[in-house]
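Data first, discussion second: the structure below is written as structure tokens.
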Amino acid sequence: MAFDLLPLPYAKSALEPHMSAKTLEFHHGKHHRAYVTSLNSLVENTPLAGKSLESIIRETAKDTSKAGIFNNAAQVWNHAFFWNSMKPAGGGAPVGDLISRIDHDFGGLEKFKELFQQAAVGQFGSGWAWLVADKRKLKIVKTANAMTPIVQGQVPLLTCDIWEHAYYLDYQNRRPDFVRVFLDQLVNWDFAAKNFARAK
Ligand code: MN3
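All the letters of the sequence shown, read from the start, carry residue numbers 26 to 225 under my numbering.
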């Protein structure tokens, strides 16, 4: 029971001009695919074969002898989550319960964006910026390399990939510009709201 590379939830060109088809062709078709291929070969014929992706991530997170498996499994999960964290004509503002919580926990959407931007830009090197629910309280967290908040029992609502491969073709070294565009033009608040509803 090998893992598959799930298709993107939209066409490769659907996020243009904010994220190019070329970026998605490499990022999904090569980077994400490589994590799936490596994971499958690393767990084949081991006791982890046949387990769910989340189980593999949780079981290997604190075992340094299984860092290779953890890194590939977490990257498979993180990337699938990232594609869904964006949508064509995204951005705007969340509604309902989620915007109430954002107002309560961050002091408004603009303040949330400012703090998310700071976290994403402030992550030294490769990693991820996340909005998570931690026992219903919303938090912004950043993780290095492949690390994912599900290891901490937090419920991710959305994420932005801040590895250079996520933005270099479109934004070169300008990570702040990429993160701003992610928040203003790409972010999928409907997906975040669905995840928040499940965090109860
Ligand atoms: Mn990536």
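For every residue, glycine included, the Cβ atom is placed at its ideal position computed from N, Cα and C.
Within 8 Å, strictly: CB atoms of residue i and residue j
{"i": "Ile-124", "j": "Phe-141", "result": "no"}
{"i": "Val-180", "j": "Ala-224", "result": "yes"}
{"i": "His-57", "j": "Leu-30", "result": "yes"}
{"i": "Ile-82", "j": "Ala-59", "result": "no"}
{"i": "Leu-194", "j": "Lys-47", "result": "yes"}
{"i": "Leu-134", "j": "Ala-158", "result": "no"}
{"i": "Val-101", "j": "Phe-51", "result": "no"}
{"i": "Gly-8", "j": "Ala-169", "result": "Limits of the chain in this structure are 26 at one end and 225 at the other, which puts residue 8 out of reach."}
{"i": "Ile-187", "j": "Trp-153", "result": "yes"}
{"i": "Leu-208", "j": "Lys-138", "result": "yes"}
{"i": "Lys-76", "j": "Thr-85", "result": "no"}
Supposed close pair residue i, residue j - CB separation, criterion 8 Å
{"i": "Asn-103", "j": "Thr-184", "result": "7 Å"}
{"i": "Ala-145", "j": "Lys-167", "result": "7 Å"}
{"i": "Pro-119", "j": "Ala-217", "result": "6 Å"}
{"i": "Asn-213", "j": "Gly-115", "result": "5 Å"}
{"i": "Asp-130", "j": "Leu-163", "result": "4 Å"}
{"i": "Val-68", "j": "Ile-94", "result": "6 Å"}
Cα-Cα separation, residue i to residue j
{"i": "Tyr-35", "j": "Ser-110", "result": "12 Å"}
{"i": "Arg-205", "j": "Arg-161", "result": "26 Å"}
{"i": "Gly-178", "j": "Gln-197", "result": "34 Å"}
{"i": "Arg-126", "j": "Asp-215", "result": "15 Å"}
{"i": "Pro-72", "j": "Glu-189", "result": "34 Å"}
{"i": "Met-44", "j": "Lys-37", "result": "9 Å"}
{"i": "Ala-171", "j": "Gly-121", "result": "32 Å"}
{"i": "Ala-105", "j": "Leu-33", "result": "8 Å"}
{"i": "Ser-63", "j": "Asp-128", "result": "41 Å"}
{"i": "Gln-143", "j": "Asn-70", "result": "43 Å"}
{"i": "Pro-174", "j": "Ala-191", "result": "19 Å"}
{"i": "His-53", "j": "Trp-108", "result": "9 Å"}
{"i": "Ser-80", "j": "Ala-74", "result": "11 Å"}
{"i": "Pro-42", "j": "Pro-201", "result": "17 Å"}
{"i": "Gly-117", "j": "Thr-89", "result": "41 Å"}
{"i": "Ser-66", "j": "Gly-132", "result": "46 Å"}
{"i": "Phe-203", "j": "Leu-49", "result": "14 Å"}
{"i": "Arg-199", "j": "Lys-55", "result": "22 Å"}
Any heavy atom of the ligand MN3 nearer than 6 Å to the CB - residues listed: In chain order, the qualifying residues are His-52, His-56, His-104, Asp-186, Trp-188, His-190 and Ala-191.
At 3 residues or longer, what runs of the beta strand (DSSP E) sit wholly inside the region 176-217? Runs of the beta strand (DSSP E) inside the region 176-217: 180-186.
Which runs of the alpha helix (DSSP H), 4 residues or longer, sit entirely within the region 62-137? Fully enclosed alpha helix (DSSP H) runs of 4 or longer: 78-85, 92-109 and 121-131.
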